[in-house]
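> Here you go, one structure.
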Amino acid sequence: MFDNHKIAISEWIEFCLGIFRYESINLTSKNNKNSFTTSKYWLYKLFYIIEDMQDDIVLEGNVYIDETFYPVVESDKTVKDGKKLRGLSKDQICIGIAYDGNHVYAHVEGFGKTCQKKTKDTFINHIKPGSHLIHDKEKSHKILIKELKL
């Protein structure tokens, strides 16, 4: 990734530190004296590097799982009869998170409230069968308990 490039590694480090501090792409561009387009391109490259990092994670022992939700950007929000959707609607991005004391696994499950299919697709290959599942009794977790004998 860094071979045969004019960009100094120090610039990449500064860019990554900005992203990891939750700076916006605009602010990161200004701090690094890059164009917005360059910073956006670098962000895509960063995501490409880390894309498959979680594929081999298998949690075991006491495994804690839960979902967290983030709103979609304002321009993508649904308006019905002049009102925005409320609650765990399709205007919320659902992220499944699991932790076993050593590793964290996080994956975007989709939009809105989770269901058994989304939960299964997210966690089935990342929790060792026979582990002890600690959760908030969300109905969608039942599929994991059954299939992984948790």
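Counting the sequence shown from 1 gives a position; the working numbering is that position plus 755. Just so it is clear, CB atoms sit at the ideal spot from N, CA and C, and this is done for glycine as well.
#1: If you draw a straight line from the C-alpha of K873 to the C-alpha of K761, how long is it?
#2: Out of K897, L798, F866 and L903, which one is the CA nearest neighbour of Q847?
#3: Quick check on T869: does DSSP put it in helix, strand or coil?
#4: Can you give the Cα-Cα distance for K875 and I764, rounded to whole angstroms?
#5: Runs of 3 residues minimum, wholly inside the segment 858-902: which ones carry the beta strand (DSSP E) assignment?
#6: Ordered along the chain, which non-local residues of its own chain (more than five positions away) have a Cβ less than 6 angstroms from that of T869?
#7: Work out the CA separation of N787 and K901 for me, nearest whole Å.
#8: Thinking A853 and H881 are a contact (beta carbons under 8 angstroms), I'd like their distance in whole angstroms, please.
According to the structure data:
#1: The residue given as residue 873 occupies position 118 in the sequence shown. The residue given as residue 761 occupies position 6 in the sequence shown. So the two alpha carbons sit approximately 43 angstroms from each other.
#2: Here the question's residue 847 lines up with position 92 in the sequence shown. Relative to the Cα of Q847, the nearest Cα in the group K897, L798, F866 and L903 belongs to F866.
#3: The residue you call residue 869 lines up with position 114 of the sequence shown. T869 falls in the coil class under three-state DSSP.
#4: What you label residue 875 is simply residue 120 of the sequence shown in a count that begins at 1. What you label residue 764 is simply residue 9 of the sequence shown in a count that begins at 1. Those two C-alpha atoms are separated by around 40 angstroms.
#5: Within the segment 858-902, the complete beta strand (DSSP E) runs of at least 3 residues are 859-866 and 887-889.
#6: Start at 1 with the first residue of the sequence shown, and residue 869 comes out as number 114. Contacts found: E822, C849 and S895.
#7: If you number the sequence shown from 1, residue 901 lands on position 146. If you number the sequence shown from 1, residue 787 lands on position 32. The straight-line gap from Cα to Cα measures roughly 50 angstroms.
#8: Taking the sequence shown and counting its residues from 1, one reaches residue 853 at position 98. Taking the sequence shown and counting its residues from 1, one reaches residue 881 at position 126. Indeed they touch by this definition, with Cβ atoms about 6 angstroms apart.
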